[in-house]
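Positions in the sequence shown are counted from 1; adding 475 to them yields my numbering. Where a beta carbon is used, it is the ideal one built from N, C-alpha and C, also for glycine. Quantities reported herein were computed from a predicted structural model and do not represent experimental measurements.
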Amino acid sequence: MIGSISPKNIRLTLMLAFMVKLAGMGLAATPFSEKPVQVGNATKTGKSQVTTAIKSSGMRAIVNSALEGSRYYRPIGEWTGQLLHPDVDRRDPAGGVPFKIEQSPDRSMIGKTVWLRWDTSEPWEKWFYARRYDVHIDGGRLQKAIKDGLNPPVAIDGWKQVSPLESLSGARPGDMTVMLRNPVWDGNVLKVVEEPVQICGKSMALVRFKEDIGGNRRIVVH
Numbered sequence: 476m477i478g479s480i481s482p483k484n485i486r487l488t489l490m491l492a493f494m495v496k497l498a499g500m501g502l503a504a505t506p507f508s509e510k511p512v513q514v515g516n517a518t519k520t521g522k523s524q525v526t527t528a529i530k531s532s533g534m535r536a537i538v539n540s541a542l543e544g545s546r547y548y549r550p551i552g553e554w555t556g557q558l559l560h561p562d563v564d565r566r567d568p569a570g571g572v573p574f575k576i577e578q579s580p581d582r583s584m585i586g587k588t589v590w591l592r593w594d595t596s597e598p599w600e601k602w603f604y605a606r607r608y609d610v611h612i613d614g615g616r617l618q619k620a621i622k623d624g625l626n627p628p629v630a631i632d633g634w635k636q637v638s639p640l641e642s643l644s645g646a647r648p649g650d651m652t653v654m655l656r657n658p659v660w661d662g663n664v665l666k667v668v669e670e671p672v673q674i675c676g677k678s679m680a681l682v683r684f685k686e687d688i689g690g691n692r693r694i695v696v697h
């Protein structure tokens, strides 16, 4: 005898079916590096499907450069780019850091390097000045941290009045890619009042894992 099914159970069943369907899909929560994978040109497998090879583990994925910027990929955010750590003798008195723009709603700004500063025009944003500290890393603790596999911010060691933005750019000099939320461009400086979000790369896509091709790589279909 078959009993009746309550609306609540129907909703739970539909939700479970949806989750099972998603289990077959890989959402690229981490974006892709610009280094192309050596698999030749992308292979079309239908009217709207393109096959690509990506790494199956780790925080980075590699995609065919022919697909980068195509309709299969979307920017992670409207404003993304690299925080560049300033030289000690070229520090910004306002605590800003150079920012190389990789993605912007204004296409003419892509590729430019501008100063990124915290907008302290409102009274409640003055905390930025109060959170600047002198940094000195003890030599013994530094060596222990390195031995333990850590990556201490040696780029700001010995600096005075390090700002939060300088602390972020100095954490991984040359490898700090971020997304900016609601920045304001005043014609000379890019200003934010929200912490930059650390990301990897600049593009993302929804893919389905199709085949293991060895060497820690997978075939995926868009």
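Skipping 5 residues on each side, what residues in its chain have a beta carbon closer than 7 Å to that of residue i?
{"i": "L643", "result": "L558, M651, P671"}
{"i": "V563", "result": "W634"}
{"i": "M584", "result": "I576"}
{"i": "D687", "result": "R693"}
{"i": "P550", "result": "Q578, K677, S678"}
Apart from the five residues just before and just after residue i, which ones in its own chain have a Cβ nearer than 6 Å to its Cβ?
{"i": "P580", "result": "E553"}
{"i": "P628", "result": "G645, A646"}
{"i": "G649", "result": "none"}
{"i": "L617", "result": "P627"}
{"i": "G521", "result": "Because G521 carries a pLDDT of 34, less than 50, the predicted location of this residue cannot be relied on, and no value is offered for it."}
Rounded C-beta distance between residue i and residue j? I'm assuming under 8 Å.
{"i": "G570", "j": "W590", "result": "Going by Cβ atoms, the distance from G570 to W590 rounds to 10 Å, so no, they are not a contact pair."}
{"i": "V668", "j": "D623", "result": "V668 to D623, Cβ: 36 Å. No contact."}
{"i": "M679", "j": "Y548", "result": "7 Å"}
{"i": "F603", "j": "P639", "result": "7 Å"}
{"i": "Q578", "j": "G614", "result": "Going by Cβ atoms, the distance from Q578 to G614 rounds to 40 Å, so no, they are not a contact pair."}
{"i": "Q560", "j": "A620", "result": "In the sequence under discussion, the amino acid at residue 560 is His, which differs from the Gln named in the question. Not quite, the Cβ-Cβ distance comes to about 19 Å (not below 8 Å), so this is no contact."}
What does the Cβ neighbour count give for residue i, buried or exposed, with the cut at 16 atoms within 10 Å?
{"i": "H611", "result": "exposed"}
{"i": "S596", "result": "exposed"}
{"i": "T588", "result": "exposed"}
{"i": "K666", "result": "buried"}
{"i": "E600", "result": "exposed"}
{"i": "L655", "result": "buried"}
From this set, the options, which residue's C-alpha is nearest residue i's C-alpha?
{"i": "V653", "options": "K677, T588, K666, S596", "result": "K677"}
{"i": "R592", "options": "N626, G689, P568, I631", "result": "P568"}
{"i": "R607", "options": "E641, L617, R616, N626", "result": "E641"}
{"i": "F574", "options": "N626, R616, W660, A605", "result": "W660"}
Cutting at 8 Å between CB atoms, please list the residues of its own chain near residue i, excluding the five before and the five after it.
{"i": "D609", "result": "W634, K635, Q636, V637"}
{"i": "G689", "result": "none"}
**OP:** With a floor of 3 residues, list each beta strand (DSSP E) that falls wholly inside the stretch 658-690, ordered by position along the chain.
**Re:** 664-667, 672-674, 681-689
Subject >> Contiguous alpha helix (DSSP H) assignments of at least 4 residues, all confined to the stretch 587-672 >> reply: 602-605, 614-622, 639-646
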